[in-house]
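Here the sequence shown is numbered in the numbering used here, starting from 46 and rising by one per residue.
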Amino acid sequence: MDLEDGARAVLEELKRQRQEGVDAVYLEQETIDGLRTAMGSMEAKVSSAVVPEAKPEPKPAPKPILESAPEPPVPSNPAPLVEVAEVKPKPIVKPARKAESSGPSVLPSPPEVNLPDGDPESRMSWLRDLVMACPTCNANLNPGAKVVFGVGKPDADVFFCGEAPGNDEEMEGEPFVGAAGQLLDKIISATGLTRDVVYIGNVMNWRPQHDQAFGNRPPTEEETNFCLPYLKAQLEVVQPKVIVALGRTAANALVQPDPSAKMGDVRGRWWEFEGVPLMVTYHPSYLLHNPSLIGKRRVWEDFLLVMERLELPISDKQRGFFE
Ligand code: URA
46 MDLEDGARAV
56 LEELKRQRQE
66 GVDAVYLEQE
76 TIDGLRTAMG
86 SMEAKVSSAV
96 VPEAKPEPKP
106 APKPILESAP
116 EPPVPSNPAP
126 LVEVAEVKPK
136 PIVKPARKAE
146 SSGPSVLPSP
156 PEVNLPDGDP
166 ESRMSWLRDL
176 VMACPTCNAN
186 LNPGAKVVFG
196 VGKPDADVFF
206 CGEAPGNDEE
216 MEGEPFVGAA
226 GQLLDKIISA
236 TGLTRDVVYI
246 GNVMNWRPQH
256 DQAFGNRPPT
266 EEETNFCLPY
276 LKAQLEVVQP
286 KVIVALGRTA
296 ANALVQPDPS
306 AKMGDVRGRW
316 WEFEGVPLMV
326 TYHPSYLLHN
336 PSLIGKRRVW
346 EDFLLVMERL
356 ELPISDKQRG
366 FFE
């Protein structure tokens with residue numbers, strides 16, 4: 046991959062994070078310098094989307110717009126995530142999407158799922174077979190990839206819902222097994238739970254295709270709508286006490302917050318999906334890309350609310366993780 050491809054991939058990832066509600070990210074100076082060099086060789090349109098100080102001479106001292114601001118003190122009653130430097134939405138590069146250009150461009154109507162009666166294990170096993178054999182899911186797979194269905198306890202108290210499989214997940218055929226998944230596992234274990242006593246699923250059963258060398262793109266509305274009945278059927282089998290929507294895509298799919306609301310306003314409070322309390326929090330990949338303590342603290346605060354709702358014991362140590 047050359048420098049230009051790398052820059053495009055970084056931009057694509059930034060675009061994805063913006064969708065997740067990320068207002069600012071921290072980038073190493075080295076990365077910013079690399080981006081600047083690559084941007085220099087890309088179209089002016091692209092360059093101006095990322096480097097605002099594109100005035101000719103005198104050249105301003107390199108001032109990355111993407112670095113994080115110093116962390117302010119965090120109030121005990123969390124305000125929306127306004128603490129990080131705001132990056133005004135700018136038209137970041139819009140690459141052609143493979144799914145739009147060379148994949149099936151029109152998906153069939155969303156499937157109708159009529160779950161059989163039975164215990165959660167057998168119903169989930171029936172549903173899994175149905176999804177794994179879904180012709181549309183299979184037709185949309187990247188080469189060598191597998192359809193990804195949820196994992197965990199079919200009658201778990203808590204159901205975590207992510208966006209879509211990434212590269213690691215589509216290769217293994219299991220949700221949240223890559224870097225974001227390892228972080229999710231750590232957060233889950235910090236609550237005293239383990240991966241096998243919860244249920245982990247995604248809005249999408251396949252990884253949305255794109256033309257970039259790496260990174261992911263969020264699913265289109267059509268893709269989301271197609272997979273939604275499968276997600277809803279998993280929720281119907283599990284009948285969790287609490288749903289945790291990890292990131293914007295899951296929140297949009299399940300509770301449709303105001304599209305203009307920032308993630309900072311959507312997360313950290315209770316919503317409801319068909320009568321089940323639903324907590325929206327940041328996606329683990331947000332934390333991976335934003336190493337600030339504030340993000341981790343926010344997510345932990347959301348998880349404490351989930352623990353309270355599940356009536357899980359909470360030790361002083363757990364309460365004070367970030368104090
Ligand atoms: N991100 C998701 O949203 N889901 C996965 O399974 C992995 C990463």
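All C-beta atoms in this analysis are idealised placements derived from N, C-alpha and C, irrespective of residue type, glycine included.
Being a predicted model, the structure only gives us computed values, none of them experimental.
Practice task
Have a look at Pro199 and Lys286 and give me their C-alpha separation to the nearest angstrom.
Solution key: 13 Å
Practice task
Return yes when at least one heavy atom of ligand 1 lies under 7 Å from the C-beta of Leu276, else no.
Solution key: The nearest non-hydrogen atom of ligand 1 is 7 Å or more from the C-beta of Leu276.
Practice task
For the beta strand (DSSP E) holding Asn185, just list the boundary residues, first then last.
Solution key: Taken as a continuous stretch (DSSP letters only), Asn185 belongs to no beta strand (DSSP E), as it is neither H nor E.
Practice task
Pull up the DSSP beta-bridge partners for Tyr244, would you.
Solution key: Gly197, Phe204
Exercise for the section: Can you grab the Cα-Cα spacing for the pair Val176 / Ser330, in whole Å? Expected result: 26 Å
Handout entry: Residue interval of the alpha helix (DSSP H) (run including Val176)
Key = Counting along the chain, the unbroken alpha helix (DSSP H) around Val176 starts and ends at 165-177.
Practice task
Enumerate in chain order the residues of its own chain whose CB-to-CB distance from Gln279 is below 6 Å, with the five nearest sequence positions on each side excluded.
Solution key: Gly195, Gly246
Handout entry: Below 7 Å from a heavy atom of ligand 1 - residues by beta-carbon
Key = Val193, Gly207, Glu208, Ala209, Pro210, Gly211, Glu214, Pro220, Phe221, Gly223, Ala225, Gly226, Asn247, Leu291, Gly292, His328, Ser330
Handout entry: Nearest-angstrom Cα separation, counted from Asn212 out to Gly260
Key = 8 Å
Problem - Sequence-distant residues of the same chain with beta carbon closer than 7 Å to Glu166, five excluded per side - result: Cβ neighbours of Glu166 within its own chain (closer than 7 Å, five residues either side excluded): Pro199.
Practice task
Can you tell me which of the three DSSP states Thr181 falls into?
Solution key: In the structure shown, Thr181 sits in a helix (DSSP, three-state: H, G or I).
Practice task
Give the single residue among Val242, Tyr275, Met308 whose Cα lies nearest to the Cα of Val179.
Solution key: Note that residue 179 is Cys in the sequence shown here, rather than Val. Of the candidates Val242, Tyr275, Met308, the one whose C-alpha sits nearest the C-alpha of Cys179 is Tyr275.
Problem - Minimum Cβ-Cβ distance from Val222 to chain C less than 8 Å - result: Absent here is chain C; the protein component of the structure consists of one chain.
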